[in-house]
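What follows is a set of notes on a single structure, which appears directly below.
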Amino acid sequence: MIDSIEFRTFVNKRTSTFRIATGSSDVEENIVVKIISGDDFGVGNGNPTDVTKETRQSVEAFLSKVPKKIVGTEEDDLVKVHQRLDSIAEGNTAAKAAVDIALFDLLSKRDKKPLYEWLGGTRDRIITDMTIGIESKETTVQKALKHYKAGFRALKIKVGLDLEEDIKRVGAVREAVGPGVHLRVDANQGYTVEQAIRFCETMKAYDIAVIEQPVKAQDYAGLKKVTEASDIPIMADECVKSVLDARKIAREGIADMINIKLMKSAGIHDAVMINRLAEAADVKTMVGCMGEIQVSIAAGLHFALSSENVVFADLDSHFNIVDDPSSGLEFDDGHLIASKAPGLGVRTPLDLCRCK
Ligand SMILES: [Mg+2]
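Now the structure itself:
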């Protein structure tokens, strides 16, 4: 039975300003949740962003209403917990993700298994890319080489503000890093359908693995047009926030792949459902992230490791956060590696305080 819940907000600078087609950020706010049941506890966190229309204040306000709804509920009754969370308000998926992740941590810790194993996975690592925001061509190349030297074997380049510049930047990165590096591109809704189709056509010269959300999130028909025209797989991100959105994408052939983020799916419970549904429709998935610290990055990683249908990981935000209050993940030869410790295998400042 869930005995109590507490949360604490951490505000951390980014190592440098991160600019994408829809805005830029210098600071990340992460709200860490701790749930206690008997002698066990679990931690999770939420990172509010524009994508889910949440703020630090909205997450804190939501979380302060959670104890009344779920204290006394069985911690393994995830359906009931989510129903109770949904009864507080719809949306608020980053806040709900924090609670969901804490419960998955608690349950797998109690069974003394790393979460990926608890979820049925057998691998303990996956290649993660490192994302480069929208910068000048020179800075983009410089950063690509820096990340390559730091061990990254996959890079994700943000585009979507200036089509011609974007094409030159991606070309320059491919030339600089050579053929061995896996390149992904994310337009964050920045193009019109016509621009997107032209962009996809030019990208064929640069061996691009996937192109993410080239057009507006609400333009499903436009996205489908781009998917049909492009030889490079198209991935839906901003337009998939729920199981129902994923169903629409898979059913109607709107995109080739889906970017699952725990902050959009309200945690692991629905992420598993989205991925299964995608798998049934031959749609591969990637696990992405927002501006998250290691707690929920670990959760995304364990989820990614649990299913072979998750073929890509874009779990890099913690590398760019100054003084991450959480730790436990390892990085080696381009791979993000989960701890073999039970649960998420992360340490946080909330671990020691027992609020029973
Ligand atoms: Mg994206």
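Counted the way my numbering counts, the sequence shown spans residues -18 to 337. Note that the Cβ used here is the ideal one computed from N, Cα and C, for glycine as well. Bear in mind the structure is a predicted one, so any value in this text is a computation, not a measurement.
Notebook entry, point to check: Is DSSP giving T266 helix, strand or coil here?
Noted result: Numbered from its first residue, the sequence shown carries residue 266 at position 285. T266: strand per DSSP, three-state reduction.
Next item on the list: Specify which residues have a beta carbon nearer than 7 Å to any heavy atom of ligand 1, listing them in chain order.
Entry: D167, N169, E193, Q194, D218, E219, N240 and G269
Next item on the list: Identify whether K337 lies in helix, strand or coil by the three-state DSSP scheme.
Entry: Taking the first residue of the sequence shown as 1, we reach residue 337 at position 356. No answer about K337 holds up, because its pLDDT of 44 lies below 50 and its placement is not dependable.
Checklist line | Per DSSP, cross-strand counterpart(s) of A135 | finding: What you label residue 135 is simply residue 154 of the sequence shown in a count that begins at 1. H163.
Notebook entry, point to check: Does the Cβ of T(-4) have 16 or more other Cβ atoms within 10 Å, making it buried, or fewer, making it exposed?
Noted result: One-based indexing of the sequence shown puts residue -4 at position 15. Burial call: exposed.
Check: Which residues mark the beginning and the end of the beta strand (DSSP E) in which D313 is found?
Finding: By 1-based counting over the sequence shown, the position of residue 313 is 332. It spans E311 to D313 - the beta strand (DSSP E) in which D313 sits, taken as one unbroken run.
Next item on the list: Answer yes or no: do L296 and L286 have a C-beta to C-beta separation smaller than 7 Å?
Entry: For the purposes of this step, residue 296 is identified with residue 315 of the sequence shown, where counting begins at 1. For the purposes of this step, residue 286 is identified with residue 305 of the sequence shown, where counting begins at 1. Result no, Cβ atoms of L296 and L286 do not sit closer than 7 Å.
Check: For M184, which three-state DSSP category applies?
Finding: Position 203 of the sequence shown holds residue 184. In this structure, M184 counts as helix in the three-state DSSP scheme.
Notebook entry, point to check: Where DSSP assigns a beta bridge to N26, which residues make up the other side?
Noted result: Taking the first residue of the sequence shown as 1, we reach residue 26 at position 45. In the DSSP output, where bridge partners are listed per residue, N26 has V13.
Notebook entry, point to check: Roughly how many angstroms separate the alpha carbons of I138 and V174, rounded to a whole number?
Noted result: For the purposes of this step, residue 138 is taken as the residue at position 157 of the sequence shown. For the purposes of this step, residue 174 is taken as the residue at position 193 of the sequence shown. If you take the alpha carbons of I138 and V174, they lie about 19 Å apart.
Note to self: By the three-class DSSP mapping on this structure, what secondary structure does N169 have?
What the structure shows: By 1-based counting over the sequence shown, the position of residue 169 is 188. Three-state DSSP puts N169 in coil, outside helix and strand.
Notebook entry, point to check: So what does N240 bridge to, in DSSP terms?
Noted result: On the sequence shown, residue 240 is found 259 positions in, with the first residue counted as 1. M267.
Check: With 16 other CB atoms within 10 Å as the buried threshold, where does L325 fall?
Finding: Position 344 of the sequence shown, counting from 1, holds the residue named residue 325. L325 comes out buried.
Margin query: Does M(-18) pass the burial test, meaning 16 or more other C-beta atoms within 10 Å, or should it be called exposed?
Written below: Position 1 of the sequence shown, counted from the first residue, corresponds to residue -18. Per the 10 Å Cβ criterion, exposed.
Check: Name the DSSP beta bridge partners of N(-7), please?
Finding: In the sequence shown, the residue the question calls residue -7 occupies position 12. Answer by DSSP bridge pairing, in chain order: E9.
Note to self: Contact defined as beta carbons within less than 8 Å: I believe V52 pairs with L331. What is the distance between those atoms, to the nearest angstrom?
What the structure shows: The residue you call residue 52 lines up with position 71 of the sequence shown. The residue you call residue 331 lines up with position 350 of the sequence shown. Not confirmed; about 17 Å, so no contact.
Check: Which residues in the same chain have their Cβ closer than 6 Å to the Cβ of K206, if we skip the five residues on either side of it in sequence?
Finding: By one-based count along the sequence shown, residue 206 stands at place 225. Cβ neighbours of K206 beyond the five flanking positions: V174.
Note to self: Could you tell me the alpha carbon to alpha carbon distance between E233 and A259, rounded to whole angstroms?
What the structure shows: Here residue 233 refers to the residue found at position 252 of the sequence shown. Here residue 259 refers to the residue found at position 278 of the sequence shown. If you take the alpha carbons of E233 and A259, they lie about 12 Å apart.
Notebook entry, point to check: With which residues is G324 paired in a DSSP beta bridge?
Noted result: Locating residue 324 in the sequence shown gives position 343, where the first residue counts as 1. In the DSSP output, where bridge partners are listed per residue, G324 has P95.
Margin query: Suppose the cutoff is 6 Å on Cβ atoms and the five residues either side in sequence are ignored; what does the same chain contact list for D251 look like?
Written below: Sequence index remark: in the sequence shown, residue 251 carries index 270 (1-based). Counting only Cβ-Cβ distances below 6 Å, and skipping sequence neighbours, we find V224.
Check: I think D305 touches Q275, with their Cβ atoms under 8 Å apart; what is that distance to the nearest whole Å?
Finding: By 1-based counting over the sequence shown, the position of residue 305 is 324. By 1-based counting over the sequence shown, the position of residue 275 is 294. Rounded, the Cβ-Cβ distance is 6 Å, consistent with contact.
Notebook entry, point to check: Which of the three DSSP states, helix, strand or coil, is assigned to I213?
Noted result: Taking the first residue of the sequence shown as 1, we reach residue 213 at position 232. The answer is coil: DSSP assigns I213 none of H, G, I, E or B.
Notebook entry, point to check: Once you ignore the five residues that flank D21 on each side, which residues in its own chain have a CB closer than 7 Å to its CB?
Noted result: As a first step, residue 21 is located in the sequence shown; it is residue number 40 there, counting from the start. Within the same chain, D21 has close Cβ partners L87, K90 and R91.
Check: For K(-6), which residues from the same chain have a beta carbon less than 7 Å from its beta carbon, with the 5 sequence-adjacent residues on both sides left out?
Finding: Start at 1 with the first residue of the sequence shown, and residue -6 comes out as number 13. So the qualifying residues of the chain are D7, V8 and V303.
Check: Between the C-alpha atoms of L333 and K15, what's the straight-line distance to the nearest angstrom?
Finding: Position 352 of the sequence shown, counted from the start, is the residue given in the question as residue 333. Position 34 of the sequence shown, counted from the start, is the residue given in the question as residue 15. One C-alpha to the other measures close to 11 Å.
Note to self: Closest to V196 by C-alpha separation, out of K222, D226, F85 and A177, would be which residue?
What the structure shows: The residue you call residue 196 lines up with position 215 of the sequence shown. Among K222, D226, F85 and A177, the Cα nearest to that of V196 is on A177.
Check: With respect to the alpha helix (DSSP H) encompassing E273, which residues constitute its N-terminal and C-terminal limits?
Finding: Position 292 of the sequence shown, counting from 1, holds the residue named residue 273. Per DSSP, E273 belongs to no alpha helix (DSSP H) and is neither H nor E.
Check: What is the residue span of the alpha helix (DSSP H) that A198 lies within?
Finding: As a first step, residue 198 must be located in the sequence shown, where it is residue number 217. That residue, A198, is in no alpha helix (DSSP H); it is neither H nor E in DSSP.
Notebook entry, point to check: For G161, which of D167, L136 and C181 has the nearest alpha-carbon?
Noted result: Locating residue 161 in the sequence shown gives position 180, where the first residue counts as 1. G161 has its Cα closest to that of L136, out of D167, L136 and C181.
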